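The structure appears right after this line, and notes come after that.
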Ligand SMILES: NC(=O)c1ccc[n+]([C@@H]2O[C@H](COP(=O)([O-])OP(=O)(O)OC[C@H]3O[C@@H](n4cnc5c(N)ncnc54)[C@H](O)[C@@H]3O)[C@@H](O)[C@H]2O)c1
């Protein structure tokens, strides 16, 4: 542990697997107390954090349900006494059917909007009271390269991740007066279960094309992202807000 997040309580949504699980573990290794929320069971994440000597609690969370989001914030308070950081990571991604833009299932479109966009709004509302009264906080929204580069056959997903950037910029302007920072991270495709599901039998070809379009010619790995999350959660970024950091091997330059 190097202690960059010592004394902080962080909430990570979508922390049962993939990137959220990795963020939870790495932030705990930096000294944070972690609340891992997911619609799936977070026991494995909590066990991994505990085995590494960290502190974590798991909560069942549905980001589309405001009561569930409030219960997650209450759990952070009752377990660790406050909320310093929220990582809005939960999203519908891997299991999406997608398709041509004019053939996307309207139910799937609405689910993506509900989870990936309204979910970010709901979780942010749930933590804002704690952050306002502490006069500090960091909200980190997970966007995607898809928002900046465009992604064919997944219009709903790309739209939702572009909305996350809009939320980030507007909230940063609104919450600066309370010393709450809001930033987002836009990764390219990372090799997670979600990415396996998303690309299916086109995964190998997609990996090749993505790496080829980058300045750094290899695919992004799970461990590549945690440093940026820790930076945005920590006081090292205390004058950074409203930004979207591309972690994409140099694909899009902002
Ligand atoms: N993996 C990538 O290539 C990649 C690239 C760019 C951005 N992202 C983003 O990073 C994040 C994590 O990606 P991942 O690859 O780990 O995906 P993933 O599918 O493994 O993880 C998403 C998590 O969100 C949870 N979730 C879904 N609906 C929920 C709900 N209603 N309430 C609470 N939790 C819910 C899922 O159970 C899952 O554990 C997502 O926001 C994704 O859009 C991923």
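Residue numbers (the numbering used here): 671 to 924.
For glycine and all other residues, C-beta sits at the position ideal for the given N, C-alpha and C.
A quick note: this is a predicted structure, and the numbers were derived from the prediction, not measured.
Exposure label - residue i; buried when at least 16 CB within 10 Å
| i | result |
| --- | --- |
| residue 688 | buried |
| residue 690 | buried |
| residue 678 | buried |
| residue 716 | buried |
| residue 925 | As displayed, the chain neither begins before 671 nor continues past 924, which places residue 925 out of reach and without an answer. |
| residue 797 | buried |
| residue 685 | buried |
| residue 924 | exposed |
| residue 708 | buried |
| residue 671 | Bear in mind that the predicted position of residue 671 carries a pLDDT of just 49, short of 50, making it too unreliable to give a figure here. |
| residue 898 | buried |
| residue 879 | exposed |
| residue 732 | buried |
| residue 720 | exposed |
| residue 770 | exposed |
| residue 870 | exposed |
| residue 722 | exposed |
| residue 918 | buried |
| residue 906 | exposed |
Residue range of the unbroken alpha helix (DSSP H) whose run includes residue i
| i | result |
| --- | --- |
| residue 930 | This structure gives no information on residue 930, because the portion of the chain shown stretches from 671 to 924. |
| residue 722 | Run containing residue 722: none; DSSP gives neither H nor E here. |
| residue 874 | 873-883 |
| residue 802 | 789-804 |
| residue 832 | 825-845 |
| residue 897 | 896-903 |
| residue 817 | 815-819 |
Beta-carbon separation (whole angstroms), residue i vs residue j, contact threshold 8 Å
| i | j | result |
| --- | --- | --- |
| residue 814 | residue 856 | 6 Å |
| residue 922 | residue 916 | 5 Å |
| residue 736 | residue 792 | 5 Å |
| residue 782 | residue 819 | The Cβ separation is near 18 Å, so there is no contact. |
| residue 889 | residue 896 | The pair is not a contact, with the Cβ atoms about 16 Å apart (cut-off 8 Å). |
| residue 884 | residue 849 | Not quite, the Cβ-Cβ distance comes to about 35 Å (not below 8 Å), so this is no contact. |
| residue 645 | residue 810 | There is simply no residue 645 to check, as the chain begins at 671 and stops at 924 in what is shown. |
| residue 746 | residue 726 | Residue 746 to residue 726, Cβ: 11 Å. No contact. |
| residue 774 | residue 768 | 7 Å |
| residue 713 | residue 701 | The pair is not a contact, with the Cβ atoms about 22 Å apart (cut-off 8 Å). |
| residue 843 | residue 799 | At roughly 19 Å, the Cβ-Cβ gap does not stay under 8 Å, so residue 843 and residue 799 are not in contact. |
| residue 755 | residue 840 | Their Cβ separation, rounded to whole angstroms, is 19 Å, which puts residue 755 and residue 840 out of contact at 8 Å. |
| residue 704 | residue 673 | That pair is no contact at about 15 Å. |
First through last residue of the beta strand (DSSP E) which encompasses residue i
| i | result |
| --- | --- |
| residue 807 | 807-812 |
| residue 679 | 679-683 |
| residue 701 | That residue, residue 701, is in no beta strand (DSSP E); it is neither H nor E in DSSP. |
Which residues DSSP lists as bridging residue i, in chain order
| i | result |
| --- | --- |
| residue 857 | 917 |
| residue 890 | 860 |
| residue 922 | For residue 922, which the question treats as bridged, DSSP gives no partner whatsoever. |
| residue 727 | 705 |
| residue 852 | 809 |
request  = Enumerate, from N- to C-terminal direction, the unbroken beta strand (DSSP E) stretches of 3 or more residues contained entirely within the stretch 755-782.
outcome  = 755-758
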